[in-house]
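Report on the structure given below.
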Amino acid sequence: MLEEALREIKRGSAEIIDSDRIEKLLKAYFDEGKRYSVKAGFDPTAPDLHLGHTVLLQKLAIFQKYGATIQFLIGDFTAQIGDPTGKSATRKTLSAVQIGENAKSYREQVFKILDPAKTEVVFNSEWINPLGASGMLTLTTTFNVARMLERDDFDKRYKSGTSISISEFIYPLLQGYDSVHLKSDIEIGGTDQKFNLLMGRHLQRAYEIGKEQSVLMMPILEGLDGVQKMSKSLNNYIGVADEPNDMFGKVLSVSDELMWRYYELLSTKTLSEIEALKNGVADGTLHPKKVKEDLALEITARFHSFEAAQSARDEFDKVHSNNQIPTEIDAYSCNGDVWIAKALVDCNLTPSTSQARRDIKQGAVKINQEKIDDEQLQLATGEYILQVGKRKFAKLKVN
RNA sequence: GGUGAGAUAGUCAAGUGGCCAACGACGGCGGACUGUAAAUCCGCUCCCUACGGGUUCAGAGGUUCGACUCCUCUUCUCACCA
Numbered sequence: 047m048l049e050e051a052l053r054e055i056k057r058g059s060a061e062i063i064d065s066d067r068i069e070k071l072l073k074a075y076f077d078e079g080k081r082y083s084v085k086a087g088f089d090p091t092a093p094d095l096h097l098g099h100t101v102l103l104q105k106l107a108i109f110q111k112y113g114a115t116i117q118f119l120i121g122d123f124t125a126q127i128g129d130p131t132g133k134s135a136t137r138k139t140l141s142a143v144q145i146g147e148n149a150k151s152y153r154e155q156v157f158k159i160l161d162p163a164k165t166e167v168v169f170n171s172e173w174i175n176p177l178g179a180s181g182m183l184t185l186t187t188t189f190n191v192a193r194m195l196e197r198d199d200f201d202k203r204y205k206s207g208t209s210i211s212i213s214e215f216i217y218p219l220l221q222g223y224d225s226v227h228l229k230s231d232i233e234i235g236g237t238d239q240k241f242n243l244l245m246g247r248h249l250q251r252a253y254e255i256g257k258e259q260s261v262l263m264m265p266i267l268e269g270l271d272g273v274q275k276m277s278k279s280l281n282n283y284i285g286v287a288d289e290p291n292d293m294f295g296k297v298l299s300v301s302d303e304l305m306w307r308y309y310e311l312l313s314t315k316t317l318s319e320i321e322a323l324k325n326g327v328a329d330g331t332l333h334p335k336k337v338k339e340d341l342a343l344e345i346t347a348r349f350h351s352f353e354a355a356q357s358a359r360d361e362f363d364k365v366h367s368n369n370q371i372p373t374e375i376d377a378y379s380c381n382g383d384v385w386i387a388k389a390l391v392d393c394n395l396t397p398s399t400s401q402a403r404r405d406i407k408q409g410a411v412k413i414n415q416e417k418i419d420d421e422q423l424q425l426a427t428g429e430y431i432l433q434v435g436k437r438k439f440a441k442l443k444v445n
């Protein structure tokens, strides 16, 4: 039982620091029913969760299964600084109202995966604000610039001549201080968070709270392009709130290589089951598309329902395999004869008439399934199905 | 605080008075081939009912028939020195 729990917890992880302690915590749970805490921090600027976030959430859910109380930390204070991890982006400061709304939307989405009874939602402004200037000063004396610059992000930016704000040095310190305040036993995060996660250990030692958290890092999930990490700003994400049809379609659009990555990090299938699928594809007994379809079904069903996932698959076959029109398309209407380029813009199929002309010239535009090549075409009264490329459809009624 | 360098389209990056709506690369979009996969090949990539017109090269002025290119100021960034 303990063995199995450990295996499940370690599955897919990229790196674990002080895994002996995790083992001890688990043992104490199994032997004496003693609970422990696992911390994970989230940024309230991005309440729209995508599958990248769920890698962590699913890991947290497994911890909950084995005696952990989750400290679900919403970094409302630290959001004012902006995590320097990865690219630097100017953050807009959020009002208390916005943060409240975002936190609410977090709850709705997160509890599709986590058990609310074993989760504490906390905000770090609660303890960071009372720190005051002197508390902050004490915090900064625990670390030095040279070590700060060892951090890969900072090092690269420093060497390449990109600016680093002093406040960004504060960010890891505050994240670490969260672990001091919460007395976390374990913290989990992405591998890109390594520096910040280790800061928790450093500060727990400096503040002598009598323990140092273990750290479990999960790999970063690649986005649909298979190269960059999944993120909303890169628009290569699958959102947990995406419609079933979108979700299914997006999973199916990933490359075969990336599919295995998604299986590893997102599927609840066991490692040996996944291995069997790989062998099947390798020796030709399984079609890779079928395997991908199963994954898409599993993921879609997780956030919607099994029925919704199945109808998404049927819809997909209908549109893409049989080249039919989707069941539901956005409908628009307008008056009088309309110039085709204008119509495409009005139906949000194209961002400008210039783009519309180009698309027509390139044979990307279809009206009622018929390819057109006349840029000057006027649409007379009637109903039309407009299509640009393979995926964009709209229904237009000309009065 | 001083000195020097720099800011070009989604990103990187050419252009140092007219040939510039601005080379190239990446990304993105479209087409062919497919399994809406990958790879490959081809085309497109500021806006406008368009063989023409309009707005762009950090911002504001100026010099010039003409400026992304020269000058002044402003904002921001980096390097070295303090």
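Numbering-wise, the first sequence is residues 47 to 445 according to my numbering.
Cβ atoms here follow ideal geometry from the backbone N, Cα and C, with glycine treated the same way.
Below 8 Å on the Cβ atoms is my guess for residue 222 versus residue 248; work out the distance and round it to an integer in Å.
6 Å
If you follow the alpha helix (DSSP H) that residue 110 is part of, which residue opens it and which one closes it?
Residue 110: member of the alpha helix (DSSP H) spanning 97–111, first to last residue.
Which residues in the same chain have their Cβ closer than 8 Å to the Cβ of residue 426, if we skip the five residues on either side of it in sequence?
383 and 444
For residue 230, list the residues DSSP reports as bridge partners.
Looking at the DSSP assignment, residue 230 forms no beta bridge with any residue, so it has no partner.
Would a C-beta distance cut-off of 8 Å place residue 243 and residue 256 closer than the cut-off?
Going by C-beta atoms, residue 243 is not nearer than 8 Å to residue 256.
What is the DSSP secondary structure of residue 283, counted as helix, strand or coil?
In the three-state scheme derived from DSSP, where H, G and I count as helix and E and B as strand, residue 283 is classed as coil.
CB residue 432 to CB residue 395, shorter than 8 Å?
yes
If we ignore side chains and look at the alpha-carbon of each, how far apart do residue 397 and residue 330 end up?
For residue 397 and residue 330, the distance between alpha carbons rounds to 43 Å.
How would you label residue 439, buried or exposed, when you count the other beta carbons within 10 angstroms and need 16 or more for buried?
buried
Roughly how many angstroms separate the alpha carbons of residue 74 and residue 115, rounded to a whole number?
14 Å
Taking C-alpha atoms, which residue in 379, 364 and 179 lies nearest to residue 372?
364
Excluding five sequence neighbours on each side, which residues of the same chain lie with their C-beta closer than 8 Å to the C-beta of residue 175?
Hits under 8 Å: 123.
How would you write the range of the beta strand (DSSP E) that residue 83 sits in, first residue to last?
82–88
Using DSSP's beta-bridge definition, name the partner residues of residue 236.
DSSP lists 264 as partners of residue 236.
Can you check whether the CB of residue 201 is closer than 8 Å to the CB of residue 83?
no
Below 8 Å, can you find three or more Cβ-Cβ pairs linking the region 311–322 to the region 354–370?
The count of Cβ pairs closer than 8 Å, one atom from the region 311–322 and one from the region 354–370, stays below three, leaving the stretches out of contact.
What span of residues does the beta strand (DSSP E) with residue 118 cover, start to end?
114–120
Check the C-beta distance from residue 303 over to residue 272 and give it rounded, since I have them as a contact under 8 Å.
7 Å
Tell whether a beta-carbon distance below 8 Å holds between residue 94 and residue 278.
yes
I'd like to check one pair, residue 418 with residue 412: are the Cβ atoms closer than 8 Å?
Taking 8 Å as the Cβ cut-off, residue 412 and residue 418 qualify as a contacting pair.
According to DSSP, simplified to helix, strand and coil, what is residue 377?
The three-state secondary structure of residue 377, taken from DSSP, is strand.
Going by other Cβ atoms of all chains shown within 10 Å of its Cβ, with 16 needed for buried, is residue 197 buried or exposed?
Label assigned to residue 197: buried.
Which residues in the same chain as residue 133 place their Cβ atom closer than 6 Å to its Cβ, once the five residues preceding and following it in sequence are excluded?
Low local confidence applies: a pLDDT of 40 at residue 133 is under 50, so the model's placement there is unreliable, with the coordinate-based value given in what follows. Counting only Cβ-Cβ distances below 6 Å, and skipping sequence neighbours, we find nothing.
Nearest-angstrom Cα distance between residue 261 and residue 245?
If I take the Cα positions, the gap works out to 10 Å.
Would you kindly report the start and end of the unbroken beta strand (DSSP E) that includes residue 169?
165–169
Could you pull out every unbroken alpha helix (DSSP H) segment of at least 4 residues lying fully inside the region 335–408, listed in chain order?
Entirely contained in the region 335–408, the alpha helix (DSSP H) runs reaching 4 residues are, in chain order, 352–362, 386–392 and 399–407.
Keeping to the same chain, check which residues put their C-beta closer than 8 Å to that of residue 274; ignore five residues upstream and five downstream.
268, 280 and 282
Under 8 Å, with one C-beta from each stretch per pair, do the region 168–185 and the region 292–306 reach the 3-pair mark?
no
Taking C-beta to C-beta, are residue 345 and residue 264 nearer than 8 Å?
no
If we count the other Cβ atoms within 10 Å of its Cβ and call it buried at 16 or more, is residue 420 buried or exposed?
That one is exposed.
What's the gap between the Cα of residue 339 and the Cα of residue 51?
29 Å
Out of 414, 287 and 319, point me to the one whose CA is closest to residue 96's CA.
Comparing Cα positions, the closest option is 287.
Going by the CB atoms, is the gap between residue 110 and residue 160 shorter than 8 Å?
Yes, the pair counts as a contact, with Cβ atoms nearer than the cut-off.
Between the C-alpha atoms of residue 63 and residue 258, what's the straight-line distance to the nearest angstrom?
11 Å
Just the Cα atoms here: how many angstroms apart are residue 403 and residue 388?
10 Å
Spatial neighbours of residue 375 within its chain, please: C-beta separation below 8 Å, excluding the five flanking residues on both sides.
431, 439, 440 and 441
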